[in-house]
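K.L.:
What follows is a structure written as structure tokens; I'll ask about it next.
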DNA sequence: AACGTCACCGCAATCGATTGTGTTAATTTT
DNA sequence: AAAATTAACACAATCGATTGCGGTGACGTT
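Protein chains in written order, with the UniProt record's numbering: chain E, 1 to 346; chain X, 1 to 346.
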């Protein structure tokens, strides 16, 4: 109303026909004379008529809106995923409602409530670090409400997920360090309750094992907060206190890797050479730091595209059709830069 | 319906009362016995009743949704602004619909259409690089539709804007370089049709003038694309071709600054020392590159907060009240890091 | 006994659009 | 000429909630 937008009623009144005639004329239904159709369409054009999406949503119980729940917007990987989501949504006439949880469970819960109130047709979720119970998701899934989880996927049944191959990414990164001559590799791990953290840890461990390197529990350092400062401090401690010092670091994300790199450099050690470092995610800055950081790139944009494509499929199924649980795994790519160059090259 | 969500009708039928009674009971209207209120509320609780926001939107011609139109999601500054927007929106019970234009005018136009169809209560806009005509905005503004422009604000009348003090930021950055001993300063400028580019250019020029340094038109290099490669190439050319070479670079954004830094280093020049560099925006990576980049930080989060606060004010005015045009200017802060250290310190 | 008051609640219009089911009138069929 | 068909349109229910107004009893008042 604020826009004084013309409605079907305005057209009907102006032309002295009924609402239904206008509605049908606009959509070329049979049973309306071509003369009437012409007049209706002309007037609609003239009044700049545009159907009220809210009214349609109410009528059809479908909002053409999907909700996206992510931990943080200001995060290179997640913003890339959002970008992919937005592209496909836009191309398909869907709207994207965004909520960030700031890694808080409480916020996750209320965001979901808000989105359901707004009748979103489905949800794309990457849950928060605090989330350990998935009741709020299973409740919805039981009611056949479409949800696709991406990146951080819960270990519950009958879900549709999109992840990257975290295990292989971590395995490749660690193996790469080993092949470059770095044998004493520490791991800066992510929060324990995230599947991705565990998978990356597993990949790291598997790589060590396959190269007959014994793991050192002291060298697996969880970084629950995820800031650069955190990894800087942990890395500094690790190198200052240990009897045997690591000569390689595989970090579960680039921020941690960058912090570690600074810590190592601040101790007068050379990267690469004294210490080789590989991160995870290929953030924008990773190629710009000194030395440029080797890392495992995740196809964020594709992940977004894939996730929403799956969601749209689910949404557009007949309501009696049940979708089958599945997990799409996207492959990572090891990006080799200077930070992991061979020891003897230096 | 997908959720089998309970409606007011369900409650009414179950309790054998009318719809209006249920509605009023739920909102503690007078004229309903406390006994009835109790029963209604109990059943509502039991059925997990939640009002249908779509129905409310239709009834009230208000969707509690605002649209955000930005050039790119994967952009540190913009994602920070989004974060600020989302926080305030969430706190006030508003939803945020997001569209990115990818710097395309066509996309901007259709995004606005889509948002209006969805009855957003207002728009937050940072327009695309392609946008030179603002007809699509003035049309809405004439109809008193609430719009707040942020960062990239159009030079048209009667708008409400939030910007940073680009002029002063640029002036400070350039003056800083001069004070550090760098007198021959080139400027990597932004796209010409953006006000922010012009303001930053003006600040740069004013600083030169105030220090009695003559400007060199060849040293003002527009970077319309905005990639690191672009500024890398332009900077390289600049240093290879010029007779007199610059010893300072003020870039209108950090990406360009980073590209310039790489170009300068690739030519064997030292940063700082041979060349001092200052960027603009304080991207996440700026403190991590080598040398850490001096830059002008923009309060993105605050900008988002302020922009949506203004928008909500406008939305909640009585419809006959007219808001007055205004521009809120947020101050920048010069962040001094190593890339602009004094010449003689080296 | 007749009337007023008040508590409590229901009816129906409304928001904008869709759609199944009438209802006309003209046209065709027999 | 009467009956059947059909084109072209209107009516009204519907989606879920809100809200002005009207209605119905149970009281008290005079």
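Ideal Cβ positions, reconstructed from N, Cα and C, are used throughout, including at glycine.
As the structure is a computational prediction, the values presented were derived from the model and not from experiment.
1) Among 238(X), 195(X), 191(X), 125(X), which one has its Cα closest to the Cα of residue 263(X)?
2) Let's test the definition: count the other Cβ atoms within 10 Å of the Cβ of residue 329(X) and tell me whether it reaches 16, buried, or not, exposed.
3) Would you verify that the beta carbon of residue 257(E) is, or is not, closer than 8 Å to some beta carbon of chain X?
4) Entirely within the stretch 181 to 243 of chain X and at least 4 residues each: give me those alpha helix (DSSP H) ranges in chain order.
5) At a CB distance below 8 Å, what residues from the UniProt domain "HTH lacI-type" (6 to 60) of chain X approach chain E? Give them in sequence order.
6) Do residue 85(X) and residue 276(X) come within 8 Å of each other at the CB atom, strictly closer than that value?
7) Just the C-alpha distance for residue 104(X) and residue 155(X), rounded to the nearest angstrom, thanks.
8) Thinking residue 127(E) and residue 108(E) are a contact (beta carbons under 8 Å), I'd like their distance in whole angstroms, please.
9) Express the C-alpha separation of residue 80(X) and residue 250(E) in angstroms, rounding to a whole number.
10) In chain E, which residues lie less than 8 Å from residue 63(X) when you measure between Cβ atoms?
11) Can you say whether residue 93(E) is buried or exposed, counting buried as having 16 or more other CB atoms within 10 angstroms of its CB?
12) Can you tell me the Cβ-Cβ gap for residue 163(X) and residue 327(X), rounded? I've got them flagged as a contact below 8 Å.
13) Tell me whether the stretch 132 to 141 of chain E and the stretch 166 to 183 of chain E touch, counting them as touching only if at least three CB pairs, one residue from each stretch, are closer than 8 Å.
14) Following the continuous alpha helix (DSSP H) through residue 90(E), name the residue where it begins and the one where it ends.
15) In the stretch 106 to 161 of chain E, which residue ranges form an unbroken beta strand (DSSP E) of at least 3 residues, counting only runs that do not cross its ends?
16) Go ahead and label residue 83(E) buried or exposed: buried means 16 or more other beta carbons lie within 10 angstroms of its beta carbon, across all protein chains shown.
17) Going residue by residue through the stretch 27 to 73 of chain E, where are the continuous beta strand (DSSP E) segments of at least 3 residues, counting only ones entirely within it?
18) Of the choices 7(E), 63(E), 214(E), 50(E), whose alpha-carbon is the least far from that of residue 316(E)?
19) Grab the span of the beta strand (DSSP E) containing residue 174(E) for me, first residue to last.
20) Give a yes or no on whether 8 Å exceeds the smallest Cβ distance from residue 114(E) to chain X.
21) Please report the straight-line C-alpha distance between residue 367(X) and residue 37(X), rounded to a whole angstrom.
22) Since residue 281(E) sits in a beta bridge, which residues does DSSP pair it with?
23) Cutting at 6 Å between CB atoms, please list the residues of its own chain near residue 25(E), excluding the five before and the five after it.
24) I need the DSSP call for residue 269(E), collapsed to helix, strand or coil.
25) On the DSSP bridge assignment, give the partners of residue 251(E) in chain order.
26) What residues of chain E sit near residue 264(X), judged by a beta carbon separation below 9 Å?
27) Contact check, residue 258(X) vs residue 219(X) under 8 Å by CB: the rounded distance?
28) Leaving out the 5 sequence neighbours to the left and right, which residues in its chain are closer than 6 Å to residue 211(E) when beta-carbon positions are compared?
29) Return yes when the Cβ of residue 191(E) is within less than 8 Å of the Cβ of residue 224(E), no when it is not.
30) Within its chain, find whatever has a CB closer than 6 Å to the CB of residue 346(E); leave out the 5 residues flanking it on each side and keep chain order.
31) Within 10 angstroms of the Cβ of residue 235(X), are there 16 or more other Cβ atoms? Answer buried if so, exposed if not.
32) Run the CB neighbour count on residue 91(E), radius 10 Å, all protein chains shown included, and call it buried at 16 or more, exposed below.
33) Could you check if residue 204(E) is buried or exposed, using at least 16 other CB atoms within 10 Å of its CB as the buried criterion?
34) Identify every residue that forms a DSSP beta bridge with residue 276(E).
35) Could you list which residues in chain E have their beta carbon closer than 8 Å to that of residue 117(X), in chain order?
36) Can you tell me whether residue 201(X) is buried or exposed? The criterion is at least 16 other CB atoms within 10 Å of its CB, across all chains shown.
P.N.:
Once the coordinates are examined:
1) 238(X)
2) exposed
3) no
4) 195 to 210, 228 to 241
5) 50, 51, 52, 53, 54, 55, 57, 58
6) no
7) 19 Å
8) 6 Å
9) 28 Å
10) 54
11) exposed
12) 6 Å
13) no
14) 76 to 91
15) 122 to 125, 147 to 150
16) buried
17) 65 to 70
18) 63(E)
19) Taken as a continuous stretch (DSSP letters only), residue 174(E) belongs to no beta strand (DSSP E), being part of the alpha helix (DSSP H) at 166 to 179.
20) yes
21) With chain X covering only 1 through 346, there is no way to say anything about residue 367(X).
22) 297(E)
23) 32, 36, 37, 40
24) coil
25) 188(E)
26) Per Cβ cutoff of 9 Å: no residues; residue 264(X) is ~14 Å from chain E at best.
27) The pair is not a contact, with the Cβ atoms about 19 Å apart (cut-off 8 Å).
28) 178
29) yes
30) With a pLDDT of 43 at residue 346(E), under the threshold of 50, the modelled position of this residue cannot be trusted; read the value that follows with caution. Answer for residue 346(E): 273, listed in chain order.
31) buried
32) exposed
33) buried
34) 248(E)
35) 50, 51, 52, 53
36) buried
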